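Undergrad: Please read through the structure below; I'll follow up with questions.
Shown next as structure tokens:
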């Protein structure tokens with residue numbers, strides 16, 4: 412007699428809270444490294460980073476405002492639970508990115524290492540959030556929708572969006588900055604593309 416596969420294990424509210432909090436913190440650390448090195452990134456955060464550099468406005472509030480239109484899409488297609496988690500995560504990240512510089516001043520760091528570190532840490536943070544059914548909103552919502560409806564990996568969707576954002580970046584910033592930033596974005600998206608597999612990770 413064949414044994415039926417085990418039922419998926421659901422995360423408890425406490426597990427979701429710690430997972431989302433940890434993911435947001437990792438993303439905040441990655442963004443702090445990124446902006447300290449004068450780099451940019453992709454996705455909605457990249458749009459906010461570029462806007463912050465050009466206007467001098469803090470990243471946190473800019474990032475929060477840019478995400479507002481995507482909450483409607485998330486509510487309609489991914490449900491209220493996902494939307495509320497994303498709203499809380501975006502709000503928390505906005506606060507974290509404003510508090511981190513108060514307690515951590517980053518010293519001298521090679522721009523290439525900053526790109527690698529930022530990409531790896533931010534990608535890990537996003538992966539943790541995805542596994543707790545959360546995100547940082549924006550283009551991440553679109554990427555998850557595409558993956559869930561077509562099977563096309565979320566990481567690859569975001570990589571395509573990054574190409575567009577970095578193309579714009581080439582018109583605004585020195586080429587070496589964009590090239591190093593692109594390296595960080597590739598690392599970030601590969602972390603997600605390789606590790607974000609719903610068929611292997613059954614807890615929801």
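Residue numbers (this note's numbering): 412 to 615.
Every residue gets a Cβ at the ideal spot worked out from N, C-alpha and C, and that includes glycine.
These figures come from a predicted structure and were not determined experimentally.
#1: Look up residue 616 in the DSSP assignment and say whether it is helix, strand or coil.
#2: Would you report the Cα separation of residue 443 and residue 454, rounded to the nearest angstrom?
#3: Please list the terminal residues of the continuous alpha helix (DSSP H) segment that includes residue 520.
#4: Please classify residue 597: does DSSP put it in a helix, a strand, or coil?
#5: Is the separation between the beta-carbon of residue 521 and that of residue 422 shorter than 8 Å?
#6: According to DSSP, is residue 437 helix, strand or coil?
#7: Just confirm the distance between the C-beta atoms of residue 485 and residue 552, as a whole number of angstroms; I'd bet it's less than 8 Å.
#8: Do residue 497 and the ligand ZN come close, with the Cβ less than 7 Å from some heavy atom?
#9: Buried or exposed: which applies to residue 492, given that a residue is buried once 16 or more other Cβ atoms fall within 10 Å of its Cβ?
#10: Kindly indicate if chain D contains any beta-carbon less than 8 Å away from that of residue 430.
#11: For the alpha helix (DSSP H) that residue 448 lies in, which residues bound it at each end?
#12: Alpha carbons only, please: which of 456, 592, 432, 458 is nearest the one belonging to residue 528?
#13: Indicate whether residue 523 and residue 599 have their beta-carbon atoms separated by less than 8 Å.
TA: With the given structure in hand:
#1: A question about residue 616 goes unanswered here, because the residues of the chain that appear run from 412 up to 615.
#2: Approximately 16 Å, taken between the alpha carbons.
#3: DSSP places residue 520 outside any alpha helix (DSSP H), giving it a letter other than H or E.
#4: If DSSP states are grouped into helix, strand and coil, residue 597 belongs with the helices.
#5: No, they are not a contact pair.
#6: Residue 437 sits in a helix when the DSSP states are folded into three classes.
#7: Taking a contact as a CB-CB distance under 8 Å, the pair residue 485 and residue 552 counts as one, their CB atoms being some 5 Å apart.
#8: The ligand ZN is absent from the structure shown, which contains no ligands of any kind.
#9: With fewer than 16 other Cβ atoms within 10 Å, it is exposed.
#10: Among the chains of the structure shown, chain D does not appear; only one protein chain is present.
#11: Segment: none, residue 448 is in no alpha helix (DSSP H) and carries neither H nor E.
#12: Ranked by Cα distance from residue 528, the options 456, 592, 432, 458 are led by 592.
#13: For the 8 Å CB-CB criterion, residue 523 and residue 599 do not form a contact.
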